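> Residues in the sequence shown are numbered consecutively from 17, following my numbering. Each residue gets a CB set at the ideal place from its N, CA and C atoms; glycine is no exception. All of these numbers come straight from a predicted model, not from anything done at the bench.
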Amino acid sequence: NCDKLERYIVSDGNTRYKSVDGAIVFLKSPYRCDYPPMKKDETFEVPDGVEELSMTHNNYIKNLKLSNTLKKYSIVNCPQLEVLDLPSSLEYLGSLIDCPSIKSLIVRKGNPIQPELDRKATDVFDENMYSSCTVYVPKGRSEYYKSALYWEKFQHIEEMDMPDIYIDPSPFKNLTKNPLFLLQYFV
17 NCDKLERYIV
27 SDGNTRYKSV
37 DGAIVFLKSP
47 YRCDYPPMKK
57 DETFEVPDGV
67 EELSMTHNNY
77 IKNLKLSNTL
87 KKYSIVNCPQ
97 LEVLDLPSSL
107 EYLGSLIDCP
117 SIKSLIVRKG
127 NPIQPELDRK
137 ATDVFDENMY
147 SSCTVYVPKG
157 RSEYYKSALY
167 WEKFQHIEEM
177 DMPDIYIDPS
187 PFKNLTKNPL
197 FLLQYFV
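1) Tell me, which residues are paired with V153 by DSSP?
2) Taking the continuous beta strand (DSSP E) assigned at K34, which residues delimit it?
3) Kindly give me the distance between the Cβ atoms of I129 and E98, rounded to whole angstroms, as I take these residues to be in contact under 8 Å.
4) By alpha-carbon positions, which one of Y161, S120 and K162 ends up nearest to T150?
5) In its own chain, which residues sit with a C-beta less than 7 Å from the C-beta of Y182, not counting the 5 before and 5 after it?
6) Rounded C-beta distance between N74 and K55? I'm assuming under 8 Å.
7) Short of 6 Å in beta carbon distance, which residues of its chain neighbour S70, apart from the five on each side in sequence? Order them along the chain.
8) Which same chain residues, not among the five before or five after S147, have their C-beta less than 7 Å away from its C-beta?
9) Would the beta-carbon of I122 fall within 8 Å of that of C94?
10) Below 6 Å CB to CB, which residues in the same chain sit around R157 once its five sequence neighbours on both sides are set aside?
11) Under the DSSP definition of a beta bridge, which residues are partnered with E22?
12) Between K44 and L100, what straight-line distance do the alpha-carbon atoms span, to the nearest angstrom?
13) Three-state secondary structure (DSSP) at F202?
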């Protein structure tokens with residue numbers, strides 16, 4: 017029963033898997049990290065090189081920093097998670113469901129990140145997050161987030177200095193409910 021798993025232990029020399037701080041990393045592309053549901057650490061930094069993260073049913077994690085190479089994630093039922101740091105490398109929003117304690121969402125991408133096309137809004141954020149969570153975005157980018165689909169519902173979007181942010185020059189990667197939003201790229 018994996019629900020009671022506290023840590024992954026992988027023997028030295030294993031060419032398929034690696035244990036990093038109790039999590040398991042799959043050593044075949046896409047490089048995925050699975051976090052044990054009963055790991056009792058409050059903070060975890062996803063190792064560089066990891067492209068996908070799966071974290072479910074962990075009652076201990078409070079602060080999670082995703083690696084600068086991460087492209088996809090799924091974080092479900094982590095009731096103590098308070099801070100999630102999303103890197104600029106993300107291609108799509110993943111699931112962030114049943115994490116009622118989220119207070120801070122740090123988004124390091126200059127342009128609003130959108131979910132994969134087959135996702136519904138309810139598969140991305142919990143409804144309670146829109147009022148209880150503060151979204152921190154790079155300086156000068158809050159208006160883009162405030163008018164972007166999936167982000168416009170957040171009541172608290174603030175700017176902060178962030179080194180090494182990526183601003184995609186393509187305006188068509190950011191689907192918004194406001195057609196004037198796209199014109200801002202050309203002015």
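In short, the structure shows the following:
1) In the sequence shown, residue 153 corresponds to position 137, counting from 1. DSSP, once it has assigned bridges, lists E175 as partnering V153.
2) Residue 34 sits at position 18 when you count from the first residue of the sequence shown. Y33 to V36 is the extent of the beta strand (DSSP E) around K34.
3) By 1-based counting over the sequence shown, the position of residue 129 is 113. By 1-based counting over the sequence shown, the position of residue 98 is 82. The C-beta distance from I129 to E98 rounds to 20 Å, too long to fall under 8 Å, and the pair is not in contact.
4) As a working mapping, residue 150 is identified with position 134 in the sequence shown. With distances taken between Cα atoms, T150 lies closest to S120.
5) For the purposes of this step, residue 182 is taken as the residue at position 166 of the sequence shown. Any reading at Y182 needs caution, since the residue's pLDDT is 49, under 50, leaving its predicted position unreliable; the model's value is listed next. Answer for Y182: S104, K125 and G126, listed in chain order.
6) Counting from 1 along the sequence shown, the entry for residue 74 is found at position 58. Counting from 1 along the sequence shown, the entry for residue 55 is found at position 39. About 6 Å separates the beta carbon of N74 from that of K55, a gap short enough to meet the 8 Å contact definition.
7) Working through the sequence shown from its first residue, we reach residue 70 at position 54. Excluding positions up to five away in sequence, the list reads D50 and S90.
8) Indexing the sequence shown from 1 puts residue 147 at position 131. A distance below 7 Å between beta-carbons, with the five flanking residues on each side excluded, links S147 to the following residues of its chain, in chain order: Q171.
9) Against the sequence shown, residue 122 aligns to sequence position 106. Against the sequence shown, residue 94 aligns to sequence position 78. No, the pair does not count as a contact, with Cβ atoms beyond the cut-off.
10) In the sequence shown, residue 157 corresponds to position 141, counting from 1. Annotation for R157: G126 place their beta carbon closer than 6 Å to its own, counting only its chain and skipping 5 residues before and after.
11) Here residue 22 is taken as the residue at index 6 of the sequence shown, counted from 1. Partner(s): none; E22 has no beta bridge.
12) Numbered from 1 along the sequence shown, position 28 holds the residue referred to as residue 44. Numbered from 1 along the sequence shown, position 84 holds the residue referred to as residue 100. About 26 Å.
13) Indexing the sequence shown from 1 puts residue 202 at position 186. Because the pLDDT at F202 is just 31, under 50, the model does not fix this residue reliably, and the value given afterwards should be weighed accordingly. When secondary structure is reduced to three states using DSSP, F202 falls in the coil class, being assigned neither helix nor strand.
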